[in-house]
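Enquirer:
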Amino acid sequence: MVSSEKLWDEETLECARACFISASQLLYCEPSPESVAQQIASGQFDEAPFAMDEEVARQGLALMSSWCGRVSERVGRKGDMLASSESFIEEVAALQREWLRLFVGVGVPEASCFESFYVDPNSAIFGRNVLEVRKSYRRYGLQLARLHSEPDDHLGLMLGFIGHMIGLELDARRSGDAGLSRNIASDQDAFLSTHMLPWLAVWRYNVGKFAASDYYRGLGEFVFGLCSRYALRFGVHFDAERSAFRRARP
């Protein structure tokens, strides 16, 4: 089920695509002094092009923006000068340790980003869920660079995959292939509903519980809010009382 095309025009989809790709990179990639300095200098978290009408996403972005502002003020530098500051490098080193503890873990990460951790904890590393996700990637021309050394069902990768599919949907629309565009949208719905939304609330809870900084606490909120807002496109909403995503009845 895809809601009215008037609500999901090309500009809206482009904005959603940009947010999914950005969220993918923020979650999947270890932060570096250069990348964080660029985020602060550009005001990346001051506003997002999509999901700002979703309270959780808006609050998450505000937390990240607040962290950036406090760090910039403590360091006493701005723009390109940040990355060369020893105190700023120490701030980012703390973020790196937090990213490792939360999402990678020396042992078990405190907020694992892998679908299998939540839905099939006793499975092999490359179990059924991983292979299903891999099949979806291949269908749309993607394959991990570290195919046999890293599970495919990482939330960061899946966020990027949604962004990739939105881009393909837009290409189909612009080429006049309405049928292909609808099929790609339906596949987004299926992928979100099957592989991302069922465990997203638990992941968000873990991030909120174990994150030490507003940067990652905010990222957890923003990712949850972004997915919640995009799921509305397919008639799926988050039921806060049941802490689960539910599809509206036709």
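Each residue of the sequence shown is one higher than the one before, starting from 939 at the first, in this note's numbering. Note that the Cβ used here is the ideal one computed from N, Cα and C, for glycine as well. Keep in mind that this is a model prediction, so the values were computed, not measured.
1. Among I978, H1092, D947 and C967, which has the Cα closest to the Cα of V1009?
2. Could you give the distance in angstroms between the alpha-carbon of A995 and the alpha-carbon of S1050?
3. Of the residues P1089, D1090 and A1123, which one's Cα is nearest the Cα of G1101?
4. Is the Cβ-Cβ distance between G1158 and G1146 less than 8 Å?
5. Going by alpha carbons, who is nearest to V1068 out of L1095, G1079 and V1044?
6. For R1187, I'd like the list of residues in its chain whose CB is within less than 7 Å of its CB, leaving aside the five on either flank, ordered along the chain.
7. Return the Cβ separation of G1117 and G998 in integer angstroms, given the expectation that the two are a contact with Cβ distance under 8 Å.
8. Please list, in chain order, all residues of the same chain as L1001 whose beta carbon is under 6 Å from its beta carbon, the five residues on each side excluded.
9. Relative to the C-alpha of R1077, which candidate in F1148, E948 and N1121 has its C-alpha closest?
10. Reducing DSSP to helix, strand and coil, say where V1057 ends up.
11. Between L1093 and L964, is the Cβ-Cβ spacing less than 8 Å?
12. Just confirm the distance between the C-beta atoms of C1006 and P987, as a whole number of angstroms; I'd bet it's less than 8 Å.
13. Taking the straight line between their C-alpha atoms, what separation do you get for L1097 and S1023?
14. Tell me the rounded alpha-carbon separation between R1039 and E949.
15. Grab me the residues of I1027's own chain with a C-beta within less than 7 Å of its C-beta, minus the 5 sequence neighbours each way, in chain order.
16. Taking only the alpha-carbon atoms, compute the straight-line gap between F1129 and G1014 and give it to the nearest angstrom.
17. Just to check my reading of the structure: A961 and F1160 have Cβ atoms closer than 8 Å, yes? What is that Cβ distance to the nearest angstrom?
18. Among the candidates A1021, F1099 and Y1056, whose CA atom is the shortest distance from the CA of P1136?
19. Beta-carbon within less than 6 Å of E943's beta-carbon, same chain only, minus the 5 sequence neighbours each way: which residues are those?
20. Give the straight-line distance between the Cα atoms of W1037 and D1177, rounded to the nearest whole angstrom.
21. Just to confirm the assignment, what range does the beta strand (DSSP E) spanning R955 have?
22. Where does E943 sit, in a helix, a strand or coil, going by DSSP?
23. What would DSSP say about F1041, mapped onto helix, strand or coil?
24. Mapping DSSP to helix, strand and coil, what is V1174?
25. Could you spell out where the alpha helix (DSSP H) holding A1169 opens and where it closes?
Expert: Reading it off the structure:
1. I978
2. 20 Å
3. A1123
4. yes
5. L1095
6. none
7. G1117 to G998, Cβ: 36 Å. No contact.
8. D1152, R1155 and G1156
9. N1121
10. helix
11. no
12. That belief does not hold up - the Cβ atoms of C1006 and P987 are roughly 18 Å apart, past 8 Å.
13. 32 Å
14. 37 Å
15. P971
16. 44 Å
17. 7 Å
18. Y1056
19. With a pLDDT of only 47 at E943, under the threshold of 50, the placement of this residue in the model should not be trusted; the figure read from the coordinates follows. Nothing meets the Cβ criterion.
20. 29 Å
21. Looking at the DSSP string, R955 is not in any beta strand (DSSP E); the run it does join, the alpha helix (DSSP H), is E948 to Y966.
22. Any reading at E943 must be qualified, since the residue scores a pLDDT of 47, below 50, and its modelled position is unreliable; the value itself is stated next. In this structure, E943 counts as helix in the three-state DSSP scheme.
23. helix
24. strand
25. D1152 to A1169
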